[in-house]
Amino acid sequence: MGLRSLILFFIGCSISSAQVNWMTINDALAAQKSNPKKIIVDVYTTWCGPCKLLDKNTFENPEVSAFINANYYPVKFNAEGKELVNYNGNQFKNPQYDPNKKGRNARHQFTAYLGITGYPTVAFFDENANYLAPIVGYHNVQQMEFYLKLFASGDYMNLKSQEDFAAYYKNFTAKFKG
2 MGLRSLILFF
12 IGCSISSAQV
22 NWMTINDALA
32 AQKSNPKKII
42 VDVYTTWCGP
52 CKLLDKNTFE
62 NPEVSAFINA
72 NYYPVKFNAE
82 GKELVNYNGN
92 QFKNPQYDPN
102 KKGRNARHQF
112 TAYLGITGYP
122 TVAFFDENAN
132 YLAPIVGYHN
142 VQQMEFYLKL
152 FASGDYMNLK
162 SQEDFAAYYK
172 NFTAKFKG
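Numbering-wise (this note's numbering), the sequence shown opens with residue 2 and increments by one.
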């Protein structure tokens, strides 16, 4: 491999390591059957400014993207899109979706099923596709690190009260650079 090829290879590696390997919810659920892993879903809309900031400032952070890729099946889901979702024996769609509409569109049935009304929302699922929790709003790198590690580690299962959560949060030390 020549020097130019080697440089291009390393540039490609550094670029790809700063990107989340997004997939569809159906692909994540299928992958989970043969290789159980938690799922993280970025529920966004095309018109949502904080959603775009979450992508740019948080999900494009190399430490965040590397952690997500290593510990989760990452899903990008348009809360007002037309994707057909098969989850928990149900089929979800967006029958009111209007492809000619600019800006806000109809809410997807899967979005409603998850009880999500604000964007962005990051939804977490366990290794068996059980819905764990929605985390609503924009989160910077360190805030996202908290939730990523809370769910990836399974520590969320030990938090039985608001006091437990507050103590866990207080003792958490962020390590990602933002």
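The beta carbon of each residue, even a glycine, is placed where N, CA and C say it ideally should be. For clarity, every value in this text was computed on a predicted model and none was experimentally measured.
Ranking Gly-179, Lys-176, Leu-151 and Lys-178 by CA distance to the CA of Tyr-169 puts Leu-151 first. Excluding sequence positions up to five before and after Ala-153, its CB lies within less than 8 Å of the CB of Lys-39, Phe-68, Asn-72 and Tyr-73, all in the same chain and listed in chain order. Taking C-beta separations shorter than 8 Å and ignoring five residues to either side along the sequence, the partners of Glu-81 in its chain run Thr-46, Thr-47, Asn-95, Tyr-98, Arg-105, Asn-106, Ala-107, Arg-108, His-109 and Thr-112, following chain order. Between the segment 127-145 and the segment 160-168, the count of Cβ pairs shorter than 8 Å is below three; the stretches do not touch.
For the pair Ala-167 and Glu-146, the CB atoms are not nearer than the 8 Å cut-off. DSSP, reduced to helix, strand and coil, places Phe-93 within a strand of the structure shown. With respect to Phe-177, Val-65 sits close: the two C-beta atoms are nearer than 8 Å.
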